[in-house]
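J.: Got a structure here, written out as structure tokens. Questions coming.
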Amino acid sequence: MPELPEVQTTVDGLNKTVKGLTIQEVWTDLAKKTVSRPDYKDTIKSLSFFENFRETVRGKKILSAERRAKNILINLSDGHTILIHMKMTGHMMYGSYTHDATTNEWTPATHEKNDALRDPFNKFLRVVFTFTNGKQLVLSDVRKFAKVTLLSTKEAHGTKHLAGLGPEPLHTTFDAHAFIERIGKKPNGKIKSVLMDQSVISGVGNIYSDEALWLASIHPLSIVSKIPPVEQKKLFTAVQAVLHKGIDFGGDSTSDYRQIDGTRGKFSYQHNAYRLTGKKCMKPKCSGAILRRVVGGRSAHFCSIHQKLWE
DNA sequence: TGCAGTGTTGCTTC
DNA sequence: CGAAGCAACACTGC
């Protein structure tokens, strides 16, 4: 489940691999003649959109990749930007792949030396960009939730895809004061849900919200306005700490997420709460155990003892 | 075997 | 207006 650290790791990987390369061709198995949902009309799930997308990006050079919230932005030489949101199970990889015309499927090329690309989770390739150097950038996505669309670079941040997103929690100008002001916009909200609300702060999802609340010793069901300012400040520090740690460990591969070379991110081994239901709390001297509860339709994992409920 | 669980977003409903 | 529920989708595990 790519959150800020996973998307950042992918973007860093793109800038090390495909930056400067020229797109020769694009393939997808997502495009359909008719799209089931209105919000798919301006994505490559629409066949007419994909045909236009393909014509536009062929022959264009990749200038750079950047991240906004959980979105990947790939800037092209003609003033267009490819926007990719990996949603739940999406991940991008770069390597040598071959296309089987009979099955219409892509697999790692026989001369590809990187075994990580053959990880079972790295199947289900939905979009494949082939570069003029003969190599591929692929989007793997079992559940086909990922969004791929095309924007004008100049207008990208003003489009519905990016406008309305909250500030970047790791931006240099984002401090504790700004954090408290942002979450204060949802005074009656449950803190876990508010942390994950992309219009409040961008980039935090289920894993990092659980980890940040564990670190800050705050119960996920705490009501924002009831959390004392000093505790909110601690939470801000915790949010930044877990996001930085996630990036340092190359993201979280508990599920399908993989780095650009197909290898697993190592943050999965650093959890103190997420998916540790029934385990003893790892906080020094704490005698609690990790519980699981559904909060706002999502599973929250937290310590039964040291995470204080403010209500 | 059937169904709950997995998590992000956006649309619908209240 | 905001909050909550559900659909999009495919696979795993009990």
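Numbering-wise (the numbering used here), the first sequence opens with residue -19 and increments by one.
No residue lacks a Cβ here, since even glycine has one placed at the ideal position from N, Cα and C.
Between which residues of its own chain and A45 is the CB-CB distance below 6 Å, once the five residues before and five after are set aside?
T.: Within the first sequence, the letter at position 65 stands for residue 45. Within the same chain, A45 has close Cβ partners V(-9), L(-6), N(-5), I54.
J.: If contact is defined by three or more beta carbon pairs under 8 Å, each pair taking one atom from either stretch, is the stretch 135 to 144 in contact with the stretch 66 to 85?
T.: Flag = no, the stretch 66 to 85 and the stretch 135 to 144 do not touch.
J.: Could you please give the first and the last residue of the uninterrupted beta strand (DSSP E) stretch that includes T133?
T.: Reading the first sequence from its first residue, position 153 is the one you call residue 133. No beta strand (DSSP E) contains T133, which DSSP labels as neither H nor E.
J.: Which residue comes first and which comes last in the beta strand (DSSP E) that contains Y74?
T.: Residue numbering aside, residue 74 sits at position 94 when the first sequence is read from its first letter. Per DSSP, Y74 belongs to the beta strand (DSSP E) from 71 to 75.
J.: Between the beta-carbon of Y254 and the beta-carbon of E(-17), is there less than 8 Å?
T.: Along the first sequence, one-based indexing puts residue 254 at 274. Along the first sequence, one-based indexing puts residue -17 at 3. In this structure, E(-17) does not lie closer than 8 Å to Y254 by Cβ.
J.: For E135, count neighbouring Cβ atoms within 10 angstroms of its own Cβ and tell me buried if that reaches 16, exposed if not.
T.: As a working note, residue 135 is residue 155 in the first sequence. Answer is exposed; the Cβ neighbour count stays below 16.
J.: In three-state terms, what does DSSP make of D190?
T.: In the first sequence, the residue the question calls residue 190 occupies position 210. Here D190 sits in helix by DSSP.
J.: In this structure, what does DSSP give as the bridge partners for K67?
T.: Position 87 of the first sequence, counted from the start, is the residue given in the question as residue 67. Bridge partners of K67: none, in fact.
J.: Just to confirm before moving on: does the CB-CB distance between S26 and V37 stay below 8 Å?
T.: For the purposes of this step, residue 26 is taken as the residue at position 46 of the first sequence. For the purposes of this step, residue 37 is taken as the residue at position 57 of the first sequence. Going by C-beta atoms, S26 is not nearer than 8 Å to V37.
J.: Output the distance between the C-alpha atoms of R98 and Y20, rounded to the nearest integer angstrom.
T.: Here residue 98 refers to the residue found at position 118 when the first sequence is read from its first residue. Here residue 20 refers to the residue found at position 40 when the first sequence is read from its first residue. C-alpha separation (whole angstroms): 30 Å.
J.: According to DSSP, D232 sits in a beta bridge with which residue or residues?
T.: Within the first sequence, numbered from 1, the residue matching residue 232 stands at position 252. Its beta-bridge partners are K246.
J.: Taking only the alpha-carbon atoms, compute the straight-line gap between C266 and D121 and give it to the nearest angstrom.
T.: Within the first sequence, residue 266 is the residue found at index 286, counting from 1. Within the first sequence, residue 121 is the residue found at index 141, counting from 1. Rounded to the nearest angstrom, the two C-alpha atoms are 39 Å apart.
J.: For L215, collect the residues of the same chain with a Cβ closer than 7 Å to its Cβ; drop the 5 residues on either side in sequence, then sort them by chain order.
T.: Walking along the first sequence from the start, residue 215 turns up at place 235. So the qualifying residues of the chain are A192, A196, I198.
J.: Considering only the beta carbon of each residue, do V184 and K166 sit closer than 8 Å?
T.: The count along the first sequence starts at 1 and reaches residue 184 at position 204. The count along the first sequence starts at 1 and reaches residue 166 at position 186. No, the pair does not count as a contact, with Cβ atoms beyond the cut-off.
J.: Which ranges does the beta strand (DSSP E) cover as unbroken runs of at least 3 residues, wholly within the stretch 91 to 176, from first to last along the chain?
T.: 105 to 111, 116 to 120, 127 to 132, all fully within the stretch 91 to 176.
J.: Thinking C-alpha only, which one of V204, H137, S132 is nearest W290?
T.: Residue 290 sits at position 310 when you count from the first residue of the first sequence. The residue with the shortest Cα to Cα distance from W290 is V204.
J.: Relative to the C-alpha of L43, which residue among T129, T133, A126, G245 is closest?
T.: Locating residue 43 in the first sequence gives position 63, counting from the first residue. Among T129, T133, A126, G245, the Cα nearest to that of L43 is on T133.
J.: Going by alpha carbons, who is nearest to A218 out of T61, F159, V274, F229?
T.: Residue mapping note: residue 218 aligns to position 238 of the first sequence, counting from 1. For A218, the nearest C-alpha among the options comes from F159.
J.: So S44 is in the beta strand (DSSP E); what residue range does that whole segment cover?
T.: As a position in the first sequence, residue 44 is number 64, starting the count at 1. Looking at the DSSP string, the run of the beta strand (DSSP E) that includes S44 is 42 to 48.
J.: If you follow the alpha helix (DSSP H) that S28 is part of, which residue opens it and which one closes it?
T.: One-based indexing of the first sequence puts residue 28 at position 48. First-last of the alpha helix (DSSP H) with S28: 27 to 37.
J.: Report the option in A269, K115, I64, E148 whose CA atom is closest to the CA atom of M176.
T.: As a position in the first sequence, residue 176 is number 196, starting the count at 1. Closest option to M176, Cα to Cα, is E148.
J.: Quick one: give me the first and last residue of the alpha helix (DSSP H) that V6 is part of.
T.: Within the first sequence, the letter at position 26 stands for residue 6. Here V6 belongs to no alpha helix (DSSP H); instead the beta strand (DSSP E) covers 3 to 8.
J.: Quick check on F125: buried or exposed, where buried means 16 or more other Cβ atoms within 10 Å of its Cβ?
T.: Taking the first residue of the first sequence as position 1, residue 125 is located at position 145. Exposed, since its Cβ has fewer than 16 Cβ neighbours within 10 Å.
J.: I'd like to confirm the pairing. Which residues does DSSP put opposite E85 in its beta bridges?
T.: Stepping through the first sequence from its first residue, residue 85 is reached at position 105. E85 is bridged to D80.
J.: Measuring alpha carbon to alpha carbon, tell me which residue in R273, F29, E31 is nearest K170.
T.: Locating residue 170 in the first sequence gives position 190, counting from the first residue. Ranking the options by Cα distance to K170, first place goes to R273.
J.: Use the C-beta contact count for D155: other C-beta atoms within 10 angstroms, 16 or more gives buried, fewer gives exposed.
T.: Numbered from 1 along the first sequence, position 175 holds the residue referred to as residue 155. D155 is exposed by the Cβ-count criterion.
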